[in-house]
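The sequence shown begins at -5 in my numbering and counts up by one. Beta carbons: idealized from backbone N, C-alpha and C, even for Gly.
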Amino acid sequence: MRIADIQVIRFRTTSRTYPTKYGYYYWGDEHPVVSSITKIITDDGLEGYNLGGDPAVIEHVVKPLLVGENPLNREKLWHWMAQHPGFSEGLAGFIDCALWDLYGRMVDLPVHKALGGCRDRIKAYASTWPNMGKPEDYAAHAVAMKAKGYKAYKVHAYIYFNPYTWEHAPQLPGFPKADVEVCRAVREAVGPDMVLMLDPFGVYTLQESIWVGHELEKLGFYWLEHPMIETRTEAYRRLCDELDIAICSPEHVHGGIFSRAEWVLQGASDMSRIDVGYGGITGSYKHAMLCQAYGIQCEMHGGHWTNSHILGATPESTCEYFEHGLLRPDLDYDVPPPYLKAIPDPLDDDGNVILTTKPGLGMEFIWDYINDNLVTA
């Protein structure tokens, strides 16, 4: 079996998210966008998919390396892509996921079972949009999420955004006192039994992180995630020494399992963090096993359902929570985009994500919709 071709299917659809130059998105009116699907095709007709992909990058970077290779040699290809100067870390992870989708479809198993299988349902937390409103708005949203079945809730409060003037704040990215006000309002609203976390998106100083951490300890929060920029390993080590609350990082450090192994060895975080954008399914699973060997948790970053396969293949003591979202009051997460038959990560009544039983990554495309909206130029 050999990879015969890799194609990018581009199609028109709609979205309500708008990017900002500050590193986060905001929610607005529905508007037209162009989305894409990357398809890997073998010489005997098997196919593997992943959402996304740039035609020029696939044509000039990915195809020259992968066409003619055996798609079952994922370990070989993973190392090739990790070391290739033309491959970004995100691109390598993206292609690795498509190769796993192909394999799952070939053996008629979801990827989490192909990896070995451990759970059919995984605990989920509701993860908020940033800059979502006043403390009472977050509190009301947390109560609504608790009523929906979530047992855990993560706050993204004010990120590059001034909650006092309601303006973007690129020169003053963090507002720790306002963030704690949000956290206090949420805890008072949901009571003592809901698991709570805070993710400031790396906008604090070390001293601000220490102060916020102590305030969160008083409120019974479970973890403080990514409080500072993650190029400061020594600052994170000092933070872990200062606080009792678990520090969950790094989520945006390049180098995948290799850089995260250094964090583990240096004691720079209490819980490690990775996602499929930093090494794909292959690299993320490797890191989960590294964390298991060291007796620390590996919490998956981001709400993309591809991450759910890592949780499904590991015990709760290794990877505890799936990040569901990002969520906000006017977003109905249960409604799939128009090109998918269903969301691959539905929630049950007890706050668990039901893992897919479909082969591969679990995506079921509505090809009639995609073909009716093809972009050919």
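What three-state label does DSSP hand residue i in the structure shown?
i      : result
Cys292 : strand
Cys242 : strand
Gly354 : strand
Leu284 : helix
Tyr333 : coil
Gly84  : helix
Gly207 : helix
Ile375 : Because the chain in this structure spans residues -5 to 371, residue 375 falls outside the shown range and cannot be described.
Glu219 : strand
Asn346 : strand
Glu317 : strand
Ala120 : strand
Ser266 : strand
Arg68  : helix
Pro309 : coil
Leu341 : strand
Leu109 : coil
Leu368 : strand
Pro58  : helix
Arg99  : helix
Arg115 : strand
Between the alpha carbons of residue i and residue j, how many angstroms are there, rounded?
i      : j       : result
Asp344 : Asp366  : 38 Å
Leu349 : Lys107  : 10 Å
Pro129 : Glu175  : 6 Å
Thr308 : Tyr158  : 43 Å
Lys148 : Gly39   : 43 Å
Asp328 : Ser278  : 26 Å
Pro167 : Arg(-4) : 49 Å
Ile3   : Pro186  : 48 Å
Trp372 : Asp342  : Nothing can be reported for residue 372: it is not among the residues displayed for the chain, which extend from -5 to 371.
Ile239 : Ala179  : 19 Å
Thr36  : Pro58   : 15 Å
Glu310 : Val189  : 15 Å
Ala163 : Phe215  : 27 Å
Thr7   : Pro331  : 9 Å
Asp102 : Pro340  : 21 Å
Ser29  : Met357  : 15 Å
His78  : Asp95   : 22 Å
Asn44  : Ile360  : 14 Å
Asp173 : Phe5    : 39 Å
Ser302 : Ala133  : 27 Å
Gly297 : Ala371  : 32 Å
Leu305 : Met100  : 22 Å
His248 : Ser266  : 14 Å
Tyr363 : Thr227  : 47 Å
Ile34  : Tyr19   : 30 Å
Ala287 : Thr312  : 9 Å
Trp257 : Leu237  : 17 Å
Gln165 : Tyr154  : 8 Å
Met139 : Leu210  : 20 Å
Tyr333 : Arg232  : 47 Å
Cys292 : Asp131  : 31 Å
Cys177 : Asn346  : 23 Å
Leu368 : Ser9    : 16 Å
Thr32  : Asp(-1) : 11 Å
If I'm right that residue i touches residue j with Cβ under 8 Å, what's the distance once you round it to whole angstroms?
i      : j      : result
Pro194 : Glu224 : 12 Å between Cβ atoms; not a contact.
Pro323 : His150 : Rounded, the Cβ-Cβ distance is 14 Å, inconsistent with contact.
Leu93  : Gly42  : 6 Å
His295 : Asp269 : 4 Å
Gly261 : Cys234 : 6 Å
Trp205 : Pro170 : 6 Å
His354 : Val105 : As written in the sequence, residue 354 is Gly, which differs from the His given in the question. Correct: roughly 6 Å between the Cβ atoms.
His281 : Arg254 : 6 Å
Ile251 : Leu218 : With 8 Å as the limit, Ile251 and Leu218 do not qualify as a contact, their Cβ atoms being about 23 Å apart.
Secondary structure, beta strand (DSSP E): runs of 3+ residues fully inside the segment 123 to 194: Listed in chain order, they are 146 to 149, 189 to 192.
Using 8 Å as the threshold, is the segment 112 to 122 in touch with the segment 314 to 324, meaning 3 or more CB pairs across them? In short, these stretches touch, since the Cβ pair count reaches three.
Output the residue ranges of the beta strand (DSSP E) runs that lie fully inside the segment -3 to 49 and measure 3 residues or longer, sorted by chain position. Runs of the beta strand (DSSP E) inside the segment -3 to 49: -3 to 13, 19 to 36, 41 to 45.
Stretch-stretch touch, CB-based, cutoff 8 Å, three pairs: the segment 61 to 80 with the segment 270 to 289: Yes: at least three Cβ pairs fall under 8 Å.
Quick check: the segment 196 to 212 against the segment 45 to 60, are there 3 or more CB pairs under 8 Å? No contact exists between the segment 196 to 212 and the segment 45 to 60.
Does the segment 77 to 91 come within contact of the segment 9 to 27, defined as at least 3 CB pairs closer than 8 Å? By the criterion of at least three beta-carbon pairs nearer than 8 Å, the segment 77 to 91 is not in contact with the segment 9 to 27.
Could you check whether the segment 94 to 114 touches the segment 51 to 61, counting it as contact only if at least three pairs of C-beta atoms, one from each stretch, sit closer than 8 Å? No, the segment 94 to 114 does not touch the segment 51 to 61.
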